[in-house]
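Line by line, the protein sequences are chains C and H. Going letter by letter, the first sequence gives residues 755 to 929 in this note's numbering. Going letter by letter, the second sequence gives residues 755 to 929 in this note's numbering. Below: one structure, written as structure tokens.
Number of protein chains: 2
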Amino acid sequence: MDEGPRWLTDDEQAAWLAFRAATTLLDGALDRQLQREAGMPLAYYQILAMLSEVPGRTLRMSELADITQSSQSRISHAVARLERQGWVRRRPCQDDRRSTFAELTPAGMTALAEAAPGHVRTVRQNMFDALSAEQVGQLAAICHAMLGPLTADPAARPVPGALPGRPGPAGCERD
Amino acid sequence: MDEGPRWLTDDEQAAWLAFRAATTLLDGALDRQLQREAGMPLAYYQILAMLSEVPGRTLRMSELADITQSSQSRISHAVARLERQGWVRRRPCQDDRRSTFAELTPAGMTALAEAAPGHVRTVRQNMFDALSAEQVGQLAAICHAMLGPLTADPAARPVPGALPGRPGPAGCERD
DNA sequence: CCGTCACTGTTGAAGTTTCAACAGAATAGG
DNA sequence: CCTATTCTGTTGAAACTTCAACAGTGACGG
Chain C
755 MDEGPRWLTD DEQAAWLAFR AATTLLDGAL DRQLQREAGM PLAYYQILAM LSEVPGRTLR
815 MSELADITQS SQSRISHAVA RLERQGWVRR RPCQDDRRST FAELTPAGMT ALAEAAPGHV
875 RTVRQNMFDA LSAEQVGQLA AICHAMLGPL TADPAARPVP GALPGRPGPA GCERD
Chain H
755 MDEGPRWLTD DEQAAWLAFR AATTLLDGAL DRQLQREAGM PLAYYQILAM LSEVPGRTLR
815 MSELADITQS SQSRISHAVA RLERQGWVRR RPCQDDRRST FAELTPAGMT ALAEAAPGHV
875 RTVRQNMFDA LSAEQVGQLA AICHAMLGPL TADPAARPVP GALPGRPGPA GCERD
């Protein structure tokens, strides 16, 4: 017989509330700082950041969606806006004509370079400056433990149809 | 002379990426589960949950905004929708006619009670089941450490000029 | 009393995300 | 070859959040 849900213990409840408060406030602080000083929301900054760290500064739309833990639709809308702003350019993929490349433009690279210091400063102030080196390690371990179920559970992933594992064989080569 | 921003160390960078991924995926999983099984987003569930845990199941709008770490505008829109749905009722405040009470209705209490088990199950599956008791304690300590700067920095709070402490005895000491 | 300022909450528009439906292209099978 | 299925990405509408402006109320000082 099912006992009903196992509610959270007092310790878990306390951790949960603190976790929710901290992540919510941090997200808001990062978003507001970037909007104010760089004119872009955090989600768009992360798109530019991911593109900047990849050879050719180019990724397929679906790779971008995977890396940023967001849906294809969201990426499509976001890249459309970043393209209007001149920070990203779309290019067709020759090997697989279903795919589209998103490429960071020089203007986008500049915008990212100007936004990065303020962003890192905000992350430091609200997170790492308050943590010991030991706590940083603990946090990494905790987050990796969470990523297990989170990446295994299909209901936890943004796009319903996606398989648990990555597409596997890399299809497209860039440039 | 400014050294430029202090970039993240490799350890910090690794922790940061894992933290971002874990919190983003967890948020999405919780939101999708509630939307699917209870027809409400996580933010609205939390409003109902906060109201349910308070004597009289009633809070002022601004208290609700503080507790849920959200803006007054967001609460106003959200309560408007919850009211249309019959889960919350607005009542005028006699003592201070600027204020408005938000009261959880019996229907809202029922909806919350039906949504709670699935929500707790999702939290367990994606978080606490993957963590040891020791890690739960570490996480709580880490989040409390982050809440220091996050609640101190006025730029980190949703509404500019809001009070630093909730029911704090010192309240608003500002001149 | 009056004027000024702070506080509370609402509103509408703009921006972002989600959702469902869709189209084009690759893939597998008969 | 032909068809069905899957993959990739886009689109428009609806939902949610943010932002700026606003109205009503309370608090304070002259």
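Heads up, the beta-carbon is just placed ideally off N, CA and C, and yes, glycines get one too.
Grab me the residues of residue i's own chain with a C-beta within less than 8 Å of its C-beta, minus the 5 sequence neighbours each way, in chain order.
i      : result
H/R790 : none
C/A775 : none
C/Q787 : G872, H873 and T876
Apart from the five residues just before and just after residue i, which ones in its own chain have a Cβ nearer than 7 Å to its Cβ?
i      : result
C/Q826 : M815, S816, A819 and V913
H/Y798 : A832 and L836
Give the interface partners of residue i over in chain C, defined as CB-CB distance under 7 Å, in chain order.
i      : result
H/M900 : A776, L780, N880, M881 and A884
H/L904 : A776, L779, L780, A783 and N880
Quick one: which chain H residues come within Cβ less than 8 Å of residue i?
i      : result
C/D907 : A783, Q879 and N880
Along chain C, which residues have their Cβ under 8 Å away from the Cβ of residue i?
i      : result
H/D765 : A887, V890, G891 and A894
H/A768 : A894
H/F855 : Simply none; closest approach about 23 Å.
Return the residue from the list the options that minimises the CA-CA distance to residue i.
i      : options                           : result
H/G872 : H/T859, H/L796, H/W761 and H/T763 : H/L796
H/L858 : H/R852, H/Q848 and H/Q839         : H/Q839
H/G862 : H/A887, H/M881, H/M804 and H/L893 : H/M804
C/I801 : C/D883, C/R828 and C/D764         : C/R828
H/M794 : H/W841, H/L762 and H/I821         : H/W841
H/T822 : C/R878, C/L779 and C/P846         : C/L779
C/L784 : C/A870, C/A834 and C/T876         : C/T876
C/L885 : H/L885, H/I896 and H/F882         : H/I896
C/A792 : C/A834, C/M881, C/V874 and C/A899 : C/V874
C/L813 : C/D765, C/A894, C/A869 and C/A856 : C/A856
C/Q767 : H/A906, H/D907 and H/L893         : H/L893
C/W761 : H/A870, H/W761, H/D765 and H/H898 : H/A870
Going along chain H, which residues have a C-beta under 9 Å from residue i?
i      : result
C/L762 : V874, V877, R878 and F882
C/C847 : Simply none; closest approach about 26 Å.
Straight-line CA distance for residue i to residue j?
i      : j      : result
H/C904 : H/A867 : Going by the sequence as given, residue 904 of chain H is Leu instead of Cys. If you take the alpha carbons of H/L904 and H/A867, they lie about 32 Å apart.
C/S824 : H/Q848 : 46 Å
H/V890 : C/P860 : 44 Å
H/L901 : C/P809 : 37 Å
C/A865 : H/E888 : 42 Å
C/F773 : C/R811 : 34 Å
C/A769 : C/T777 : 12 Å
H/T763 : C/R878 : 11 Å
C/D781 : H/M881 : 19 Å
H/E807 : C/D883 : 34 Å
H/D929 : C/P759 : For H/D929, the predicted structure reports a pLDDT of 26, less than 50, and the residue's modelled location is therefore unreliable. A value from the coordinates is still provided. Between H/D929 and C/P759, the C-alpha separation is close to 49 Å.
H/D765 : C/L771 : 26 Å
H/P846 : C/A834 : 45 Å
C/A906 : C/H898 : 12 Å
By Cβ distance below 6 Å, which residues in the same chain neighbour residue i in space, the five residues on each side in sequence not counted?
i      : result
C/T854 : M815 and R844
C/S830 : none
H/R852 : none
Quick one: which chain C residues come within Cβ less than 9 Å of residue i?
i      : result
H/Q823 : R774, A775, T778, L779 and G782
H/P795 : Simply none; closest approach about 14 Å.
By the criterion of Cβ-Cβ separation under 7 Å, what are the contact partners of residue i in chain H?
i      : result
C/P912 : G782
- request: Only counting runs of 3 or more residues, tell me where the beta strand (DSSP E) segments fall wholly within the region 822-863 of chain C, in order along the chain.
  value: Whole beta strand (DSSP E) segments, 3+ residues: 842-846 and 854-858.
field: Minimum length 4: unbroken alpha helix (DSSP H) runs contained in the region 759-813 of chain H
entry: With a minimum length of 4 residues, the continuous alpha helix (DSSP H) runs that stay inside the region 759-813 of chain H are 764-792 and 796-806.
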